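A short worksheet on the structure shown next.
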Amino acid sequence: GEDVEQSLFLSVREGDSSVINCTYTDSSSTYLYWYKQEPGAGLQLLTYIFSNMDMKQDQRLTVLLNKKDKHLSLRIADTQTGDSAIYFCAERRSGGYNKLIFGAGTRLAVHP
Amino acid sequence: DVKVTQSSRYLVKRTGEKVFLECVQDMDHENMFWYRQDPGLGLRLIYFSYDVKMKEKGDIPEGYSVSREKKERFSLILESASTNQTSMYLCASSLRVRDEKLFFGSGTQLSVL
Chain A
1 GEDVEQSLFL SVREGDSSVI NCTYTDSSST YLYWYKQEPG AGLQLLTYIF SNMDMKQDQR
61 LTVLLNKKDK HLSLRIADTQ TGDSAIYFCA ERRSGGYNKL IFGAGTRLAV HP
Chain B
113 DVKVTQSSRY LVKRTGEKVF LECVQDMDHE NMFWYRQDPG LGLRLIYFSY DVKMKEKGDI
173 PEGYSVSREK KERFSLILES ASTNQTSMYL CASSLRVRDE KLFFGSGTQL SVL
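Just so you know, the sequences run in chain order A and B. The opening residue of the first sequence carries number 1 in the numbering used here; numbering runs sequentially from there. The opening residue of the second sequence carries number 113 in the numbering used here; numbering runs sequentially from there.
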């Protein structure tokens, strides 16, 4: 995912907040996504945000979008051991068949 | 719930073999995708299909082909497997072309020796 960048690793203490960051390059992107991959599993859609929104909240998850800086973040409040996984940021390009471009994924490790 | 099923969880093949990876979805989705996942590279799109018998190349189609004879089934074919095709292969589907959600299978870890 050369056009979508994420840091590869994040370690947090159980109960703290986690913030996973992502930058993208295509200003025409329509939707931006966060997917979660647990060990041995496929990707599961966590949440997504439309490009005309700044923020979306869903229970413990908060997505912030700064369209000017092309920056997307995922905040997980009260991080639990079950949140340990790889988190992928993805952007949906406009035009054509709206394919998704994925980042390399951020591995979140939650320790006691 | 949508179910995307990949036929094999682990597969070991030899260099030069023809390899078939099968994917089936049970929700009448129009679109199906094949990605490969490599550490540090994320997911890269190999091929996708927006209708039966239709296919489009993704970002890394070289060395692969696909087949979609029925709406629910999308096959990825490695005509002559090579060691650099050792990877995790993920199938996904979405209801329509402009649907915002992709549903993924559990993946097939292919090792080519």
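Each residue gets a CB set at the ideal place from its N, CA and C atoms; glycine is no exception. In this text, all values refer to a predicted model and were calculated from it rather than measured experimentally.
Subject >> residue 66 of chain A burial status per 10 Å Cβ neighbour count (16 or more: buried) >> reply: So residue 66 of chain A ends up on the exposed side.
Subject >> Beta-carbon spacing of residue 138 of chain B, residue 184 of chain B below 8 Å >> reply: yes
**OP:** Return the chain-ordered list of same chain residues with a C-beta closer than 7 Å to the C-beta of residue 150 of chain B, the five sequence neighbours on each side being excluded.
**Re:** 199
Original post:
So, helix, strand or coil for residue 52 of chain A, using DSSP?
Top reply: It is coil, neither helix nor strand.
Original post:
So which of A/52, A/20, A/6 has the shortest CA-CA distance to residue 12 of chain A?
Top reply: Of the candidates A/52, A/20, A/6, the residue whose Cα lies closest to the Cα of residue 12 of chain A is A/20.
Original post:
Are the CB atoms of residue 142 of chain B and residue 162 of chain B nearer to each other than 8 Å?
Top reply: yes
**OP:** Verify the CB distance criterion: does residue 216 of chain B have a CB-CB separation below 8 Å to chain A?
**Re:** yes
Subject >> Same chain, Cβ closer than 8 Å to residue 126 of chain B, five either side skipped, listed in chain order >> reply: 193, 224, 225
Original post:
Would residue 105 of chain A count as contacting chain B if we go by Cβ distances under 8 Å?
Top reply: yes
Original post:
If you compare alpha carbons, which of A/38, A/33, A/6, A/53 is closest to residue 84 of chain A?
Top reply: A/38
**OP:** Put residue 1 of chain A into one of helix, strand or coil per three-state DSSP.
**Re:** Because residue 1 of chain A sits at a pLDDT of 43, beneath the cut-off of 50, its placement in the model cannot be relied upon, and the point is left open.
Subject >> Nearest-angstrom Cβ-Cβ length linking residue 164 of chain A and residue 175 of chain B, presumed shorter than 8 Å >> reply: Chain A is shown only over 1 to 112; residue 164 of chain A falls outside these bounds and no answer can be derived.
**OP:** Taking C-beta pairs closer than 8 Å, name the residues in chain A that residue 202 of chain B reaches, listed in chain order.
**Re:** 42, 43
Original post:
Contact between the region 1-10 of chain A and the region 52-65 of chain A: three or more CB pairs below 8 Å?
Top reply: no
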